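A.B. asks:
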Amino acid sequence: MKELKRLNKYFKKYKYRLLLGVTITILAKVFALFTPKLIGNSINVVAKKLEEGDLYTTFKADLGLNILYLIGAAMVAGFFTFLMRQTIINVSRYVEYDLKNEIYQQYQRLSLNFYKSNRTGDLMSRITEDVSKVRMYFGPAIMYSLNMITLFVVALIYMLNKAPLLTLYTILPLPILSISIYFLSKAIHKRSTLVQENLSKLSAYTQEAFSGISVIKAYTLEPRINESFNAISVDQRQKYINLTKIQAFFFPLMILLIGVSNLLVIYIGGTQYINGEITEIGTIAEFIIYVNMLTWPVAAIGWVTSLVQEAEASQKRINSFLELEPEIQNTVDETTQIHGTIAFNNVTFTYPDTNITALNKLSFNIKLGETLAILGKTGSGKSTILDLIGRLYDADSGTILIDDKPIDKLNLFNLRDSIGYVPQDAFLFSDTIKNNIRFGKEDASDEQVIEAAKNAYVHENIVGFSKDYDTILGERGLTLSGGQKQRISIARAIIKSPQILLFDDCLSAVDTETEEQILKNLDKVSKSKTTIIVSHRISSAKNADQIIVLEDGKIIQEGNHVSLINTEGYYKDLYLKQLSEKEIS
Numbered sequence: 001m002k003e004l005k006r007l008n009k010y011f012k013k014y015k016y017r018l019l020l021g022v023t024i025t026i027l028a029k030v031f032a033l034f035t036p037k038l039i040g041n042s043i044n045v046v047a048k049k050l051e052e053g054d055l056y057t058t059f060k061a062d063l064g065l066n067i068l069y070l071i072g073a074a075m076v077a078g079f080f081t082f083l084m085r086q087t088i089i090n091v092s093r094y095v096e097y098d099l100k101n102e103i104y105q106q107y108q109r110l111s112l113n114f115y116k117s118n119r120t121g122d123l124m125s126r127i128t129e130d131v132s133k134v135r136m137y138f139g140p141a142i143m144y145s146l147n148m149i150t151l152f153v154v155a156l157i158y159m160l161n162k163a164p165l166l167t168l169y170t171i172l173p174l175p176i177l178s179i180s181i182y183f184l185s186k187a188i189h190k191r192s193t194l195v196q197e198n199l200s201k202l203s204a205y206t207q208e209a210f211s212g213i214s215v216i217k218a219y220t221l222e223p224r225i226n227e228s229f230n231a232i233s234v235d236q237r238q239k240y241i242n243l244t245k246i247q248a249f250f251f252p253l254m255i256l257l258i259g260v261s262n263l264l265v266i267y268i269g270g271t272q273y274i275n276g277e278i279t280e281i282g283t284i285a286e287f288i289i290y291v292n293m294l295t296w297p298v299a300a301i302g303w304v305t306s307l308v309q310e311a312e313a314s315q316k317r318i319n320s321f322l323e324l325e326p327e328i329q330n331t332v333d334e335t336t337q338i339h340g341t342i343a344f345n346n347v348t349f350t351y352p353d354t355n356i357t358a359l360n361k362l363s364f365n366i367k368l369g370e371t372l373a374i375l376g377k378t379g380s381g382k383s384t385i386l387d388l389i390g391r392l393y394d395a396d397s398g399t400i401l402i403d404d405k406p407i408d409k410l411n412l413f414n415l416r417d418s419i420g421y422v423p424q425d426a427f428l429f430s431d432t433i434k435n436n437i438r439f440g441k442e443d444a445s446d447e448q449v450i451e452a453a454k455n456a457y458v459h460e461n462i463v464g465f466s467k468d469y470d471t472i473l474g475e476r477g478l479t480l481s482g483g484q485k486q487r488i489s490i491a492r493a494i495i496k497s498p499q500i501l502l503f504d505d506c507l508s509a510v511d512t513e514t515e516e517q518i519l520k521n522l523d524k525v526s527k528s529k530t531t532i533i534v535s536h537r538i539s540s541a542k543n544a545d546q547i548i549v550l551e552d553g554k555i556i557q558e559g560n561h562v563s564l565i566n567t568e569g570y571y572k573d574l575y576l577k578q579l580s581e582k583e584i585s
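If you count by the UniProt record's numbering, then the sequence shown holds residues 1 to 585, one letter each, in order.
1) Tell me the rounded alpha-carbon separation between Leu18 and Ser306.
2) Rounding to the nearest angstrom, what Cα-Cα distance links Glu460 and Val422 in this structure?
3) To the nearest angstrom, how far is the alpha carbon of residue 592 from that of Phe427?
4) Whole angstroms are fine: how far does the CA of Ile127 sit from the CA of Gln105?
5) Can you tell me whether Gly270 is buried or exposed? The criterion is at least 16 other CB atoms within 10 Å of its CB, across all chains shown.
6) So, does the segment 197 to 216 touch the segment 319 to 327, judging by three or more C-beta pairs under 8 Å?
7) Along the beta strand (DSSP E) that carries Phe31, what are the first and last residues, could you check?
8) I believe Leu194 touches Lys239 by the beta-carbon criterion, under 8 Å. Please report the beta-carbon distance rounded to the nearest angstrom.
9) Tell me whether Ser585 sits in a helix, a strand or coil according to DSSP, three-state version.
10) Take Ala77 and list the residues in its own chain whose beta-carbon comes closer than 7 Å to its own, dropping the five residues that flank it on each side.
11) Beta-carbon within less than 7 Å of Ile232's beta-carbon, same chain only, minus the 5 sequence neighbours each way: which residues are those?
12) Three-state secondary structure (DSSP) at Val449?
13) Apart from the five residues on each side of it in sequence, which residues of its chain come closer than 8 Å, Cβ to Cβ, to Glu102?
14) Write down every uninterrupted run of the alpha helix (DSSP H) in the segment 362 to 420 whose length is 4 residues or greater and which is fully enclosed by it, in chain order.
15) In the structure shown, what three-state DSSP assignment does Glu442 receive?
16) Run through DSSP, which three-state label would Leu184 get?
17) At what residues does the beta strand (DSSP E) containing Phe344 begin and finish?
18) Which of the three DSSP states, helix, strand or coil, is assigned to Phe249?
19) Which residues in the same chain as Gly379 place their Cβ atom closer than 7 Å to its Cβ, once the five residues preceding and following it in sequence are excluded?
20) Using the Cα positions of Leu156 and Leu4, report the straight-line distance between them to the nearest angstrom.
21) For a test of the three-state rule: what should DSSP assign to Asn455, helix, strand or coil?
22) Arg537 and Gln578 look like a contact to me (Cβ under 8 Å); what is the Cβ gap, rounded to whole Å?
23) In this structure, how does DSSP classify Gln272 when only helix, strand and coil are distinguished?
24) Going along the chain, which residues of its own chain have a beta-carbon closer than 6 Å to the beta-carbon of Asp545, five neighbours each way excluded?
25) What would DSSP say about Asp504, mapped onto helix, strand or coil?
26) So, with DSSP's three-state summary, where would you put Gln424?
27) If distances are taken between C-alpha atoms only, which option among Lys361, Tyr570 and Gly340 comes closest to Phe349?
28) Residues bridged to Lys496 by DSSP?
29) Taking the beta carbon of Ile338 as the centre, do at least 16 other beta carbons fall within 10 Å, making it buried, or is it exposed?
30) For Asp122, which of Glu197, Val45 and Val153 has the nearest alpha-carbon?
31) When the Cα atoms are used, what is the spatial distance from Ile274 to Ser261?
32) Given 8 Å as the limit, is there contact between the segment 454 to 469 and the segment 509 to 527, that is, 3 or more CB pairs closer than that?
33) Mapping DSSP to helix, strand and coil, what is Met84?
34) Could you compute how far the alpha carbon of Met143 sits from the alpha carbon of Asp98?
35) Run through the DSSP bridge pairs and tell me what Lys201 is partnered with.
36) In whole angstroms, give me the CA-to-CA distance for Ile278 and Thr35.
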């Protein structure tokens, strides 16, 4: 139960609702227990009046009154049962809501490296399937436990007072039922855990297949993907069948032991009535009803135990990352104005998941309002520089200064809010184009959205759509071309008017003419802002105030466009190559 201790705060939070639920449960069961007593009393009255030969008068008087009491008690018990479910089950839904929010907030807090080592499908499974298992612990497990305790205690006291020996024989099969259900539930738990784990695997595989559907179709991988999916599905089907085979014993076992209890009541009770040990025939009828009322709560002991075990297993999976601390910590509460001067002093960084050293004692400075262009071969460390400026990672050694302050001494959220970042892989949400641009500034007006789109040179494309800015995009912007996605991402970054603009090869999917227009517009909006452009194109870098060329995380060339094209090296070679390609095209 130690894994479930984390949930005790929710018991405290909803204690008044739970106490109300306990009170309502007791009232519901007290009124429900009027039913067997009234039925037994009615049978006794009928039996007595049959002997006296006055059945009609009895029905009109005593029996009719009992029927009215019976209907009234049933209605009141039903009403309180409704309130009980509304109270306790609602608490479980509140807890489910709170826990999902807690998990989601933790997902937001955790660092980028966490997502590199965990599959999206598995994370989705924890926030859905695992939370549902925990909800069962707060809802049905609590409700049926209260039901069982209340009903068993009240009914047992009355039964012992009425016929002690018959009570003993009546409840004899119930512990056997509870123990059987317990072991059955343990087997169900083991098999349901396997089902849950395989379901997580199936979800992860499906999510990856859907996300990479364009690649699958381009390489005609459908048969192979279908074969792999079918193999996982067949495995899942077999695990479900194994689980169902065990579950199939549940209700037959319960019905068998109910029948045994009823037979014992009829036989023992009948014998006692014949021998005069029980004076009223209605007592037997009462006990038969008690048996049927007590069977499910007693059986529920094993079922509830299984629910608790499943909840603990699920909560353990949830706790495994709720207890994780983000690698990137915000150590400063105070917010300050970010201006935008940036300095790297002997910065070294190695990716923890691959042990690849991306930057090696790198140093450079960018003054406020300057533009830095970074070029280099794939894997030279260009994108890593942008990740470190946004503190998606922390450097292993050396210092990164923003406005002459160590980057880890700045408020993390304030820092990121001051940055407009356009990643290499433009990610768009399944929402309208307007809202995707407004993601950079939630309170932006329609005019600001249009202005940002114009500066990103995508306005003409947008108004060409049937619903222009209200056009709903497919998942990850699937309905747009690569260039359109990149330009909408640029619009999203510049609409917030940040002090630092980071562009990670975000013009690779546009033609040179469009690139020229975008760069001209960016030069206008980036006045007095610090801008870093990562690119493989000389055309994107040539107007920068300073240019650095990286190789294996080190600067091999630096200067401006004029000085670098007049110096032998990577930059000049790339310039001549791209110049000749342009002439040919």
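Glycine residues also receive a C-beta, built at the ideal position from the N, C-alpha and C atoms.
Given the structure is predicted, the values throughout are model-derived calculations rather than measurements.
C.D. replies: The structure says:
1) 22 Å
2) 21 Å
3) With the chain covering 1 to 585 only, the question about residue 592 has no answer from this structure.
4) 11 Å
5) exposed
6) no
7) That residue, Phe31, is in no beta strand (DSSP E); its alpha helix (DSSP H) goes Lys15 to Ala32.
8) 5 Å
9) With a pLDDT of only 41 at Ser585, under 50, the local geometry of the prediction cannot be trusted, and the value read off the model is given with reservation. Three-state result, Ser585: coil.
10) Ala28, Phe31 and Ala32
11) Lys201, Leu202 and Tyr205
12) helix
13) Leu322
14) 382 to 389 and 412 to 417
15) coil
16) helix
17) Ile342 to Thr350
18) coil
19) none
20) 32 Å
21) helix
22) 7 Å
23) helix
24) Glu370 and Thr371
25) strand
26) coil
27) Lys361
28) Bridge partners of Lys496: none, in fact.
29) buried
30) Glu197
31) 19 Å
32) yes
33) helix
34) 20 Å
35) Partner(s): none; Lys201 has no beta bridge.
36) 20 Å
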